[in-house]
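Notes to accompany the following structure.
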Amino acid sequence: KSTLLPALLIAEGYDRVLVTQPRRLPCTSICDRVNSTMTSNEDSERIAGWAVSGDEHDIKSPILYLTDGLLKEQLLHDEDLITDQTKLNKSIVFFLDEIHERSINIDLCLALLVRLLTKKPYLQSKMKLVISSATLDSSVPALFLQKIKMLRFGEFKMPKLGTE
């Protein structure tokens, strides 16, 4: 979900996908995995970049992996992160991954994004919110998202490979 879904969203024409991770190491390692999987050679333009507190690489790439703490800071302090003047072909996707970890940063990111969407409904055409988890209690985000249109996908079981 962390590597393939953001790339599929870019392939579908979304302008930018910002993917949060709760820790620094997954930001860099997942980004490297996406670039090695999705680019044909070393000289190809990188599809993904990463940003953590104090360090960043290829941050203008279509997919940006960043810590949830860094996104929280951007949502709190960057007035121009997304506005009614933002020029987009389709929209920006905020992809909150590993939301089951329920840290203060994750909860604040979710609350700040929901507040942005409810206070400025015209931004709903410019931004999408994806909440992802391998083991999520679906009642948690439902409390935050009561006033926003929501698609819900049921759980499914993956077959165990290599077992009898």
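FYI, in my numbering the residues of the sequence shown are -14 to 149. Cβ coordinates follow ideal geometry from the N, Cα and C atoms, glycine included. Quick caveat, the model's predicted, so the values are computed rather than measured.
Considering only Asn90, Leu114, Asp63 and Leu51, the residue with the shortest C-alpha distance to Ile77 is Leu114. Nearest to Ser(-13) by C-alpha distance, out of Asp40, Gly39, Gly(-2) and Leu51, is Leu51. In the same chain as Ser110, and ignoring 5 residues on each side of it, no C-beta atom comes closer than 6 Å to its own. By the Cβ-count criterion, Ala(-4) is exposed, with fewer than 16 other Cβ atoms from all chains shown falling within 10 Å of its own Cβ. Around the beta carbon of Pro47, a 10 Å sphere encloses 16 or more other beta carbons of the protein chains shown; the residue is thus reported as buried. Lys57 sits in a helix when the DSSP states are folded into three classes. Judged by DSSP in its simplified three-state form, Tyr50 adopts strand.
For the pair Phe80 and Leu3, the CB atoms are nearer than the 8 Å cut-off. For Ile116, the beta-bridge partners assigned by DSSP are Leu81. Along the stretch -14 to 22, the beta strand (DSSP E) occurs as fully enclosed runs of 3 or more residues at 1 to 6, listed in sequence order.
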